[in-house]
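Sequence order for the protein chains is A and B.
So the first sequence is residues 0 to 293, counted in numbering that gives the first Met the number 0.
So the second sequence is residues 0 to 427, counted in numbering that gives the first Met the number 0.
Glycine is no exception: its CB is placed at the ideal position from the N, C-alpha and C atoms.
From a predicted model like this one, the values you see are computed outputs, not experimental measurements.
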Amino acid sequence: MTTRGPAPADGRPFPWLLPAIAFTALFYLVPVIDVVRLAFSDATLVRGASGYSLDAFRAVLGDPALPQVLGTTFVFTAVNVIALQVAGLAIALLIVRGEARGLRGMAAFRTLVLAAWVVPGIANGLIWQMLFDEAPYGTLNSILGGVGLGPVAWLSDPQMALVSAVIANLWQGTAFSMIVFYAARRGIDPTLYEVAQLDGARAWRSFRSITLPLLRTAIAVNTVLVTVQTLNTFDSILALTGGGPGRATEVLALFTFNTVFYNFDLAGGSVLAVLLFTISAALAALVHGWLGRT
Amino acid sequence: MKLLPLAAAMALAPTLSPAQDLVTRTRVGLPDAPNVLTFRLTSYDLYSSDPATREGFEALFSDFIRARPAWRIETQLQTGNIGQEQARMLQQAQAGRGPDCAMVDSSQLATFRDADVLRPMNAVFSDAEVADLFPYVRDAVVNEAGDVLAWWWFTDLRVLYRDTSVVPDAPQTWEEARAAGLTAVEAGREGLLFNGGRWEGTAFDWLANFWAQGGTLVNAEGAPVFDQGDNREKFLAAVAYVQDLVDSGASPERVTSITDYDAFNAAAAAGTASMFVGGNWQYGQLRTTLAPEDFANWAVSELPGPTVDQRATGTGGWAIAAMTDDPAKAALCGQIAKEIYAGPGNALQGLLPTSTALYDQYDAYDGPEFELFAQALQNGVARPGAAIYPEISNQIQILLGDVLSGAATPEAALDAAGDAARAAYARQ
Numbered sequence: 000m001t002t003r004g005p006a007p008a009d010g011r012p013f014p015w016l017l018p019a020i021a022f023t024a025l026f027y028l029v030p031v032i033d034v035v036r037l038a039f040s041d042a043t044l045v046r047g048a049s050g051y052s053l054d055a056f057r058a059v060l061g062d063p064a065l066p067q068v069l070g071t072t073f074v075f076t077a078v079n080v081i082a083l084q085v086a087g088l089a090i091a092l093l094i095v096r097g098e099a100r101g102l103r104g105m106a107a108f109r110t111l112v113l114a115a116w117v118v119p120g121i122a123n124g125l126i127w128q129m130l131f132d133e134a135p136y137g138t139l140n141s142i143l144g145g146v147g148l149g150p151v152a153w154l155s156d157p158q159m160a161l162v163s164a165v166i167a168n169l170w171q172g173t174a175f176s177m178i179v180f181y182a183a184r185r186g187i188d189p190t191l192y193e194v195a196q197l198d199g200a201r202a203w204r205s206f207r208s209i210t211l212p213l214l215r216t217a218i219a220v221n222t223v224l225v226t227v228q229t230l231n232t233f234d235s236i237l238a239l240t241g242g243g244p245g246r247a248t249e250v251l252a253l254f255t256f257n258t259v260f261y262n263f264d265l266a267g268g269s270v271l272a273v274l275l276f277t278i279s280a281a282l283a284a285l286v287h288g289w290l291g292r293t
Numbered sequence: 000m001k002l003l004p005l006a007a008a009m010a011l012a013p014t015l016s017p018a019q020d021l022v023t024r025t026r027v028g029l030p031d032a033p034n035v036l037t038f039r040l041t042s043y044d045l046y047s048s049d050p051a052t053r054e055g056f057e058a059l060f061s062d063f064i065r066a067r068p069a070w071r072i073e074t075q076l077q078t079g080n081i082g083q084e085q086a087r088m089l090q091q092a093q094a095g096r097g098p099d100c101a102m103v104d105s106s107q108l109a110t111f112r113d114a115d116v117l118r119p120m121n122a123v124f125s126d127a128e129v130a131d132l133f134p135y136v137r138d139a140v141v142n143e144a145g146d147v148l149a150w151w152w153f154t155d156l157r158v159l160y161r162d163t164s165v166v167p168d169a170p171q172t173w174e175e176a177r178a179a180g181l182t183a184v185e186a187g188r189e190g191l192l193f194n195g196g197r198w199e200g201t202a203f204d205w206l207a208n209f210w211a212q213g214g215t216l217v218n219a220e221g222a223p224v225f226d227q228g229d230n231r232e233k234f235l236a237a238v239a240y241v242q243d244l245v246d247s248g249a250s251p252e253r254v255t256s257i258t259d260y261d262a263f264n265a266a267a268a269a270g271t272a273s274m275f276v277g278g279n280w281q282y283g284q285l286r287t288t289l290a291p292e293d294f295a296n297w298a299v300s301e302l303p304g305p306t307v308d309q310r311a312t313g314t315g316g317w318a319i320a321a322m323t324d325d326p327a328k329a330a331l332c333g334q335i336a337k338e339i340y341a342g343p344g345n346a347l348q349g350l351l352p353t354s355t356a357l358y359d360q361y362d363a364y365d366g367p368e369f370e371l372f373a374q375a376l377q378n379g380v381a382r383p384g385a386a387i388y389p390e391i392s393n394q395i396q397i398l399l400g401d402v403l404s405g406a407a408t409p410e411a412a413l414d415a416a417g418d419a420a421r422a423a424y425a426r427q
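This is how it looks when you write it as structure tokens:
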């Protein structure tokens, strides 16, 4: 009879963790600390910090534009997070069902959805800008016109511009949710569904009583990841609308970019980055606490 | 005695044979040349996607470096995100890590000057050459001490393009532009198109309407004053002009989504456009895009003003500046500007030179459109040489988007823009 000896890290894990901690600190913690330092400074893009105070916080948090930007960010993020989950889950379940029935082309379908995910944000914005073009020859409006609908002011109307930005983000982001849910759904023991079927449960009942409860952790994880991703979205909006018309589609990440590169206000941009970080962390903790309980 | 160092340098320098590849994606000259100059350039010339432009500049650079075999130019390409690229380059220059020589957007020139990162290139340019520059160009590149801190090698301007089959006579005033737009709409075309989305082109194109009335964006100290005193009235009048164009239907509502001059070329090619506010460089693009019989209908004229006598047009372009403390490198940078770009480079691309003498020197400027451009340049206004300009532009973009989409009144939007610009100025 042989007995298993102590694992290498038993009792003294720190030396084993040191490389990972050092790597994380170097590439993640140091920049975060520097952003916090800059937020308390008076640094601009053309001048280094010469003093430290709360002035940048006062200026940024007192900016009359901030409430509108936060409101736009909230709407953009909330709608996206809900829609991304619903669309991702729907596509994942569709693929799983298709595979279970031996339908051909499911792998191709999955690849097609994933293709959108690898498109860079800037390219995504440009693609949708062409589709939403409101010129008489614009793609979507021409299609709508063919069936007697439209034209739609996709990008020139402030409300529709935000809807368009959401659509562009959904098109790209759905793949990520789909993969998370697809993996989680494949992990559910098929016996549960067979038993439910024997008991006469219909599809909706199986979904409500088996799929949804067992996907709870995946939903929690996905919600956190998708929320953080959406909060950080700025490149696709920059290419699609630039944040306009006016400030109609200017989300917090884009506002941060503009503060740094239009105002040259590095301290103000850092305050906004800290704000974005705080919101992301708070939402992640909230969602994890709410949905992640086992 | 003077020949001795020269002979020694020639002996040490590697020899260039025509067969050797002198231009690569990262270098001009031989890889083992002893002297190195780093040059950060845009992607519009030596590395242009247009083969004819690229080959033309390759020839110019090859000739240039053959005459200087001891030098190697290490090229660094800027991306199309001009604002971000220029801000990053400024940061690098301040930290002593910037390129020796670089293309600087004319709108950012003042920021680079204020940051004291530009080094004189006086040895290259004669007093006569400096005196021949357009006045607004000379003011931007020469400091109080008379040092040539950059060479603004081409300029551009905004003009009104019109399809003469729909709009035969050039609108001279805002009222005539509105009437012409409505006539075009009745004829089944789109009215007057202009940039109205969230990007620099929107603010810059619209500013001509403000400048035509004598409005000023900043005071002598560089502080924003566009919403104060007489400027306020002029600003609101210029906003009312474009608001009326959209409200009356003389311009389509979609202008608030236009963030690219190419949109006008596309509309012209599709046969839906009747007029647009575009850049002078689009004349050549239209010539190559449209069928000859369609292109024959298109004409350019000065931008309409509030009255016939009140005209202005925004002028931009790019400059080349030295950021090195090495006088030999600064001189080479000036020589690149003078021998490659200002003159031959202008003519190659049809870009407008900043010196009047060059218009007579090259056949490329014989077309009738250049007479109009030269005439309109008399009313040219450059963006103010103030670090606050990018934020003022940002606020004007927001203001125009809000007003044209009906999200705010002009007065409230102007108040918000003025307050925001002043707050940003206070923090600079």
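C-alpha distance - residue i paired with residue j, whole-angstrom precision
i: B:P170; j: A:T277; result: 54 Å
i: A:A182; j: B:S273; result: 55 Å
i: B:Y255; j: B:A385; result: According to the sequence provided, residue 255 of chain B is Thr. The question's Tyr does not apply to it. Spanning the two alpha carbons is a distance of roughly 27 Å.
i: B:Q348; j: B:G342; result: 10 Å
i: B:P352; j: B:A298; result: 21 Å
i: B:A101; j: B:A425; result: 30 Å
i: B:D324; j: B:V116; result: 10 Å
i: B:S47; j: B:V238; result: 37 Å
i: A:L60; j: A:S279; result: 17 Å
i: A:T248; j: A:N168; result: 12 Å
i: B:M322; j: B:A92; result: 7 Å
i: A:E133; j: B:L403; result: 16 Å
i: A:A42; j: A:I178; result: 42 Å
i: B:L302; j: A:L88; result: 54 Å
i: B:N34; j: B:T23; result: 17 Å
i: B:D224; j: A:A114; result: Looking at the sequence shown, residue 224 of chain B is not Asp but Val. Their Cα atoms are separated by approximately 50 Å.
i: B:L40; j: B:Q77; result: 6 Å
i: B:L5; j: B:A69; result: Any reading at B:L5 must be qualified, since the residue scores a pLDDT of 46, below 50, and its modelled position is unreliable; no value is offered.
DSSP-derived helix/strand/coil call for residue i
i: B:G304; result: strand
i: B:Y160; result: strand
i: B:E54; result: helix
i: B:I72; result: strand
i: A:S40; result: strand
i: B:G195; result: coil
i: B:G228; result: coil
i: B:G95; result: coil
i: B:Y340; result: helix
i: A:P18; result: helix
i: B:T172; result: strand
i: B:N264; result: helix
i: B:R26; result: strand
Proximity below 8 Å, CB of residue i to CB of residue j
i: A:G172; j: A:L274; result: no
i: A:L44; j: A:F256; result: no
i: A:T229; j: A:V80; result: yes
i: B:Q360; j: B:T201; result: no
i: A:G267; j: B:G400; result: no
i: B:T453; j: B:D155; result: Nothing can be reported for residue 453 of chain B, as the shown portion of chain B is limited to 0 through 427.
i: B:V165; j: B:S300; result: no
i: B:V123; j: B:A262; result: no
i: B:D243; j: B:F234; result: no
i: B:R476; j: B:A249; result: As displayed, chain B neither begins before 0 nor continues past 427, which places residue 476 of chain B out of reach and without an answer.
i: B:F111; j: B:Q75; result: no
i: B:W205; j: B:G344; result: no
Bridge-paired residues (DSSP) for residue i
i: B:F124; result: According to DSSP, which records beta bridges pairwise, B:F124 is partnered with nothing at all.
i: B:F153; result: B:W317
i: A:V165; result: In the DSSP output, where bridge partners are listed per residue, A:V165 has none listed.
i: B:A381; result: B:T314
i: A:L88; result: Answer is none; A:L88 lacks a bridge partner.
i: B:T37; result: B:E73
i: B:P223; result: B:V217
Task: Uninterrupted alpha helix (DSSP H) stretches inside the stretch 117 to 143 of chain A (no shorter than 4 residues) - done: Qualifying alpha helix (DSSP H) stretches, in chain order: 120 to 130.
TODO: Just list the alpha helix (DSSP H) runs in the stretch 98 to 151 of chain B, keeping only unbroken ones of 4 residues or longer that don't cross its boundaries, in chain order.
DONE: Counting whole runs of 4 or more residues, the stretch 98 to 151 of chain B contains the alpha helix (DSSP H) stretches 108 to 113, 126 to 130, 134 to 140.
Task: Segments assigned beta strand (DSSP E), at least 3 residues, entirely inside the stretch 266 to 321 of chain B - done: Fully enclosed beta strand (DSSP E) runs of 3 or longer: 274 to 278, 297 to 300, 312 to 321.
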